[in-house]
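**Q** So that we are looking at the same thing, I have put the structure below in structure tokens.
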Amino acid sequence: MRLAALRLGALMLSLVLCAATNRPSPVGFVNLPHVMTVHPLHKMLDAYDREIAALQRTETVEGLADPAAVARRSGEAVARDAAAAERRIRSIAPKDAGADHLRERQALSALAALESAGDREMSAYRSALARETSANLRGYSQAIAARNARALAARRQQLLEKELTLAYDLARRDAAKRLMVRLRLQDLHLERATRARLQAERSAMDARESAAVAAMRRDDVAALDAYRRRLQREGDDANATMSAQLRAKAEANLALRVRVVQAESSSASVLPNLPARLDWFASTYRFGSDVPAIAGGMHAAGADLSQRFARLAATDRQSRTQTHLQIERLKTSRHELYGSMTAQIVRDAQRLATLRHLHGVVVSNSRPRGSVDLTAALAAEVARF
512 MRLAALRLGA LMLSLVLCAA TNRPSPVGFV NLPHVMTVHP LHKMLDAYDR
562 EIAALQRTET VEGLADPAAV ARRSGEAVAR DAAAAERRIR SIAPKDAGAD
612 HLRERQALSA LAALESAGDR EMSAYRSALA RETSANLRGY SQAIAARNAR
662 ALAARRQQLL EKELTLAYDL ARRDAAKRLM VRLRLQDLHL ERATRARLQA
712 ERSAMDARES AAVAAMRRDD VAALDAYRRR LQREGDDANA TMSAQLRAKA
762 EANLALRVRV VQAESSSASV LPNLPARLDW FASTYRFGSD VPAIAGGMHA
812 AGADLSQRFA RLAATDRQSR TQTHLQIERL KTSRHELYGS MTAQIVRDAQ
862 RLATLRHLHG VVVSNSRPRG SVDLTAALAA EVARF
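Residues in the sequence shown are numbered consecutively from 512, following this note's numbering.
Structure, rendered in structure tokens:
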């Protein structure tokens, strides 16, 4: 009986040991978002996000929703005004000089009554012309400022991308050596002199990388400052040129309107020494030849302003296209960096799971039931990298 009991007990023990041996080992778990936040390259991800957000904000500046459309409408308005002025000039061109002089004599009697109305009309015209000129100058200046801001932001992003690329290339170049140094430093029985030498090597690598990035950043700051000054000079020159042209054309329009009003006025009470003034006007009366010249000047001025606004609209469209392409390039670079960081975390997690004899590892933000949490250990390793 005792022998049978012993045999039964041995059989039960072997079954228990067999079940324990065949039980699958648990899986490991790594919280990817947490490990990603302590990764040495996480600041580069943040830098990409900030630059993408900054460029996206330049696409939605308040008051400049569509500068190209504003410039196009301004060009169309200038063309319409120039065409209307040209038609006005041609409409008042005399067909017969004698009939024109007759109309002048007939207008003398009505000049006194029209004096106050003419003054009010001239004042209103002068005010409207000044408002229109100021509005055109303000719109042109705002468009130039927006173009400069987008160009400066694009150049700043290009320089920053160069710095980030350099930092990433240097880190990738020294990754193998840094990893070997870190693994050797983890040896608890390492001699003090050897540990000091390895730490000095790691510090030297970090210093070389930081110095290279800092040198590039200093050069980029100087280049960006020079580019900013150049944009400012070009913008000031463009504004000054446009201001001079618009004001000259406004003065020419005002002088033309004064001549028209004076031609319609013939009251001796309004103009002292009217006979002498009429004689002088008759001696200088060349309206038949002046009309084509004035009309041609108005047409050329309208065409020139329309072309300038069209170039401004084209520049804005090109700037928006370049900004969009830059945003897409930044998103692609960020996606590639994120994928590289994720792949590294997955490889380190698999290695750590193998070292701990786990069945596998799950890298996500949701922990499976019964898994072994390797997040803290992996985060410590990644932070020391």
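Even glycine gets a Cβ: it sits at the ideal position worked out from N, Cα and C.
1) Between the region 840 to 847 and the region 534 to 552, can you find at least three pairs of beta-carbon atoms closer than 8 angstroms?
2) Taking the alpha carbon of Ser-652 as the reference point, which residue from Arg-867, Glu-745 and Arg-770 has its own alpha carbon closest?
3) DSSP three-state call for Val-527: helix, strand or coil?
4) So Val-692 is in the beta strand (DSSP E); what residue range does that whole segment cover?
5) Report yes or no: do the region 666 to 681 and the region 549 to 565 share at least 3 C-beta pairs separated by less than 8 angstroms?
6) Looking only at its chain, what residues have a beta carbon closer than 8 angstroms to the beta carbon of Arg-867, apart from the 5 residues adjacent to it on each side?
7) If you run the structure through DSSP and keep just helix, strand and coil, what is Ser-882?
8) For Gln-837, count neighbouring Cβ atoms within 10 angstroms of its own Cβ and tell me buried if that reaches 16, exposed if not.
9) For Met-852, count the other beta carbons within 10 Å of its own beta carbon; 16 or more makes it buried, fewer makes it exposed. Which is it?
10) In whole angstroms, what is the alpha-carbon distance linking Leu-677 and Arg-728?
11) How long is the line joining the alpha carbons of Ala-594 and Ala-751, rounded to whole angstroms?
12) Whole angstroms is fine: what's the gap from Ala-686's alpha carbon to Ala-558's?
13) Grouping DSSP H, G and I as helix and E and B as strand, with all else coil, what is Val-857?
14) Let's test the definition: count the other Cβ atoms within 10 Å of the Cβ of Met-691 and tell me whether it reaches 16, buried, or not, exposed.
15) State the DSSP-derived secondary structure class of Ala-887, mapped to helix, strand or coil.
16) Since His-550 contacts Val-873 with CB under 8 angstroms, what's their CB separation in whole angstroms?
17) Kindly indicate which three-state DSSP category Asn-542 falls into: helix, strand or coil?
18) Give the single residue among Arg-741, Thr-705, Lys-554 and Leu-694 whose Cα lies nearest to the Cα of Tyr-679.
19) Only counting the same chain, and skipping five residues up and downstream in sequence, which positions put a Cβ closer than 7 angstroms to that of Pro-537?
20) Where Arg-768 and Met-633 are concerned, what is the direct C-alpha to C-alpha distance, given to the nearest angstrom?
21) Are Leu-863 and Ala-890 touching if we call contact CB-CB under 9 angstroms?
22) In the DSSP output, what is Ser-851 paired with across the bridge?
23) With 16 as the cutoff for other CB atoms within 10 Å, does Arg-661 come out buried or exposed?
24) Can you give the Cα-Cα distance for Ser-721 and Ala-715, rounded to whole angstroms?
25) Quick check on Asp-827: buried or exposed, where buried means 16 or more other Cβ atoms within 10 Å of its Cβ?
26) Does DSSP put Ser-875 in a helix, a strand or coil?
27) Give the secondary structure of Ser-536 by DSSP, where H, G and I count as helix, E and B as strand, and everything else as coil.
28) Taking 8 angstroms as the cut-off, is the C-beta of Arg-828 nearer than that to any heavy atom in the ligand ATP?
29) At which residues does the alpha helix (DSSP H) containing His-868 begin and terminate?
30) Taking C-beta to C-beta, are Thr-644 and Arg-758 nearer than 9 angstroms?
31) Just confirm the distance between the C-beta atoms of Arg-693 and Arg-895, as a whole number of angstroms; I'd bet it's less than 8 angstroms.
32) Starting from the N-terminal side, write out each stretch of the beta strand (DSSP E) that is 3 residues or longer and does not extend beyond the region 699 to 774.
33) Around the Cβ of Asn-876, are there at least 16 other Cβ atoms within 10 angstroms (buried) or fewer (exposed)?
34) In chain order, what residues of the same chain lie with their CB nearer than 8 angstroms to the CB of Asp-878, ignoring the 5 residues before and after it?
35) Let me confirm a value: Thr-532 is counted as buried when at least 16 other C-beta atoms fall within 10 Å, else exposed. Which label applies?
36) Quick one: Cα of Glu-762 to Cα of Arg-599, how far?
**A** According to the structure data:
1) No, because fewer than three Cβ pairs between the region 534 to 552 and the region 840 to 847 fall closer than 8 angstroms, the two stretches do not touch.
2) Numbered from 1 along the sequence shown, position 141 holds the residue referred to as residue 652. It is Glu-745 whose Cα lies nearest to the Cα of Ser-652.
3) Taking the first residue of the sequence shown as 1, we reach residue 527 at position 16. The predicted model places Val-527 with a pLDDT of 33, which falls under 50 and marks its position as unreliable, so this point remains unresolved.
4) In the sequence shown, the residue the question calls residue 692 occupies position 181. Element bounds for Val-692: not the beta strand (DSSP E) but the alpha helix (DSSP H), 686 to 696.
5) Touching, yes, given that three or more Cβ pairs across the two stretches are closer than 8 angstroms.
6) Indexing the sequence shown from 1 puts residue 867 at position 356. For Arg-867, where only same-chain residues beyond five positions count, the Cβ hits under 8 angstroms are Gly-539, Val-883 and Leu-885.
7) Within the sequence shown, the letter at position 371 stands for residue 882. DSSP places Ser-882 in coil when its eight states are reduced to three.
8) Here residue 837 corresponds to residue number 326 of the sequence shown, with the count starting at 1. Answer is buried; the Cβ neighbour count reaches 16.
9) Translated into positions along the sequence shown, residue 852 becomes position 341. The residue is buried, with at least 16 neighbouring Cβ atoms inside 10 Å.
10) Here residue 677 is taken as the residue at index 166 of the sequence shown, counted from 1. Here residue 728 is taken as the residue at index 217 of the sequence shown, counted from 1. Cα-Cα distance, rounded: 10 angstroms.
11) Reading the sequence shown from its first residue, position 83 is the one you call residue 594. Reading the sequence shown from its first residue, position 240 is the one you call residue 751. Those two C-alpha atoms are separated by around 25 angstroms.
12) Residue 686 sits at position 175 when you count from the first residue of the sequence shown. Residue 558 sits at position 47 when you count from the first residue of the sequence shown. In this model, Ala-686 and Ala-558 are separated by some 21 angstroms (Cα to Cα).
13) On the sequence shown, position 346 is the one that residue 857 refers to. Helix at Val-857.
14) Against the sequence shown, residue 691 aligns to sequence position 180. That one is exposed.
15) One-based indexing of the sequence shown puts residue 887 at position 376. Residue state, collapsed to three classes: helix.
16) Counting from 1 along the sequence shown, the entry for residue 550 is found at position 39. Counting from 1 along the sequence shown, the entry for residue 873 is found at position 362. So it is not a contact: roughly 19 angstroms between Cβ atoms.
17) Locating residue 542 in the sequence shown gives position 31, where the first residue counts as 1. Reduced to three states, the DSSP call for Asn-542 is strand.
18) Residue mapping note: residue 679 aligns to position 168 of the sequence shown, counting from 1. With distances taken between Cα atoms, Tyr-679 lies closest to Lys-554.
19) Here the question's residue 537 lines up with position 26 in the sequence shown. Here the set comprises Leu-869, His-870, Gly-881, Ser-882 and Val-883.
20) Stepping through the sequence shown from its first residue, residue 768 is reached at position 257. Stepping through the sequence shown from its first residue, residue 633 is reached at position 122. Distance between the alpha carbons of Arg-768 and Met-633: 8 angstroms.
21) Mapped onto the sequence shown, residue 863 falls at position 352. Mapped onto the sequence shown, residue 890 falls at position 379. The answer is no: Cβ separation not under 9 angstroms.
22) Working through the sequence shown from its first residue, we reach residue 851 at position 340. Answer is none; Ser-851 lacks a bridge partner.
23) Mapped onto the sequence shown, residue 661 falls at position 150. Here Arg-661 is buried: its Cβ has 16 or more other Cβ atoms, across all protein chains shown, within 10 Å.
24) Against the sequence shown, residue 721 aligns to sequence position 210. Against the sequence shown, residue 715 aligns to sequence position 204. One C-alpha to the other measures close to 10 angstroms.
25) What you label residue 827 is simply residue 316 of the sequence shown in a count that begins at 1. If you draw a 10 Å sphere on the C-beta of Asp-827, you find 16 or more other C-beta atoms in it, and that means buried.
26) Position 364 of the sequence shown, counted from the start, is the residue given in the question as residue 875. Here DSSP, grouped into helix, strand and coil, assigns Ser-875 to strand.
27) Within the sequence shown, the letter at position 25 stands for residue 536. Per DSSP, reduced to three states, the secondary structure at Ser-536 is coil, with no helix or strand assignment.
28) This structure lacks the ligand ATP; in fact it carries no ligand of any kind.
29) Mapped onto the sequence shown, residue 868 falls at position 357. Looking at the DSSP string, His-868 is not in any alpha helix (DSSP H), and its letter there is neither H nor E.
30) Start at 1 with the first residue of the sequence shown, and residue 644 comes out as number 133. Start at 1 with the first residue of the sequence shown, and residue 758 comes out as number 247. Their beta carbons are under 9 angstroms apart, which means Thr-644 touches Arg-758 by this criterion.
31) Numbered from its first residue, the sequence shown carries residue 693 at position 182. Numbered from its first residue, the sequence shown carries residue 895 at position 384. Cβ-Cβ separation between Arg-693 and Arg-895: approximately 6 angstroms, consistent with a contact (criterion under 8 angstroms).
32) For the region 699 to 774, not a single whole beta strand (DSSP E) run of length 3 or above is found.
33) If you number the sequence shown from 1, residue 876 lands on position 365. So Asn-876 ends up on the exposed side.
34) Residue numbering aside, residue 878 sits at position 367 when the sequence shown is read from its first letter. Strictly speaking, residue 878 in this sequence is Arg, with Asp absent from that position. The answer, listed in chain order, is Phe-540, Asn-542 and Asp-884.
35) In the sequence shown, residue 532 corresponds to position 21, counting from 1. For Thr-532, the pLDDT reaches just 41, beneath the cut-off of 50, and the residue's location in the model is therefore unreliable, although a value from the coordinates is still provided. Answer is exposed; the Cβ neighbour count stays below 16.
36) Within the sequence shown, residue 762 is the residue found at index 251, counting from 1. Within the sequence shown, residue 599 is the residue found at index 88, counting from 1. The alpha-carbon atoms of Glu-762 and Arg-599 are separated by roughly 17 angstroms.
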